[in-house]
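Q: Basically our numbering = 1-based index in the sequence shown + 716.
Note that CB positions come from ideal geometry on N, CA and C, so glycine has one too.
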Amino acid sequence: MSALDVSVQAQILNLMKDLQGKFGLTYIFISHNLSVVKHLCDRIGVIYLGNLVELAGKEELFKNMLHPYTQALISAIPIPDPSLEREKILLEGDVPTPINPPKGCPFATRCMYAAELCKRERPGLEDVAEAIAWPAIYTAAAGRR
Ligand code: SF4
Numbered sequence: 717m718s719a720l721d722v723s724v725q726a727q728i729l730n731l732m733k734d735l736q737g738k739f740g741l742t743y744i745f746i747s748h749n750l751s752v753v754k755h756l757c758d759r760i761g762v763i764y765l766g767n768l769v770e771l772a773g774k775e776e777l778f779k780n781m782l783h784p785y786t787q788a789l790i791s792a793i794p795i796p797d798p799s800l801e802r803e804k805i806l807l808e809g810d811v812p813t814p815i816n817p818p819k820g821c822p823f824a825t826r827c828m829y830a831a832e833l834c835k836r837e838r839p840g841l842e843d844v845a846e847a848i849a850w851p852a853i854y855t856a857a858a859g860r861r
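Quick look at the structure:
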């Protein structure tokens, strides 16, 4: 989809939405473009290095993103209004190779909240309000809930 001209992209997305409404279709839509994902999807799973790190309904995810990778992705969405500004979260550090992933949290090499525990233990997903799932260690490391 990203290789297409923007106007063609919009036509295809609108066609997909029309077909979804008309026939009650379910799509699994994979993209780096979260503004397109927001337009098309009802429920969003965020994946980092092959790991599901957050799962939520669209409204909840954009209102209350919990995982630092989700926060960085959403902060990078361009705002089509030059008078508005959003603070971008620029991730530092290296992306680990998926062939030899780190022992602990796969995001620990780039996470601003990473603690020593994160490098040793791989977090599991935890249910929180509104069916959001997120890494348990993040709760302790970032002090947010
Ligand atoms: S487990 Fe640690 S390194 Fe991984 S996302 Fe949570 S706080 Fe960051």
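Reducing DSSP to helix, strand and coil, say where E770 ends up.
A: The residue labelled residue 770 in the question sits at position 54 within the sequence shown. In this structure, E770 counts as strand in the three-state DSSP scheme.
Q: Between G809 and Q727, what straight-line distance do the alpha-carbon atoms span, to the nearest angstrom?
A: Counting from 1 along the sequence shown, the entry for residue 809 is found at position 93. Counting from 1 along the sequence shown, the entry for residue 727 is found at position 11. For G809 and Q727, the distance between alpha carbons rounds to 37 Å.
Q: Per the DSSP calculation, L743 is bridged to which residue(s)?
A: As a position in the sequence shown, residue 743 is number 27, starting the count at 1. One point to set straight first is that residue 743 is Tyr, not Leu, in the sequence displayed. Beta-bridge annotation (DSSP): Y743 is not paired with any residue.
Q: Please confirm whether any heavy atom of the ligand SF4 lies closer than 6 Å to the CB of F739.
A: In the sequence shown, counting from the first residue as 1, residue 739 sits at position 23. Checking every heavy atom of the ligand SF4 against the Cβ of F739, none is found closer than 6 Å.
Q: What number of angstroms, rounded off, separates the C-alpha of G820 from the C-alpha of E837?
A: Along the sequence shown, read from residue 1 onward, the residue named residue 820 stands at position 104. Along the sequence shown, read from residue 1 onward, the residue named residue 837 stands at position 121. Cα to Cα, the separation comes out at about 4 Å.
Q: So, does the stretch 774-785 touch the stretch 756-766, judging by three or more C-beta pairs under 8 Å?
A: Yes, the stretch 774-785 is in contact with the stretch 756-766.
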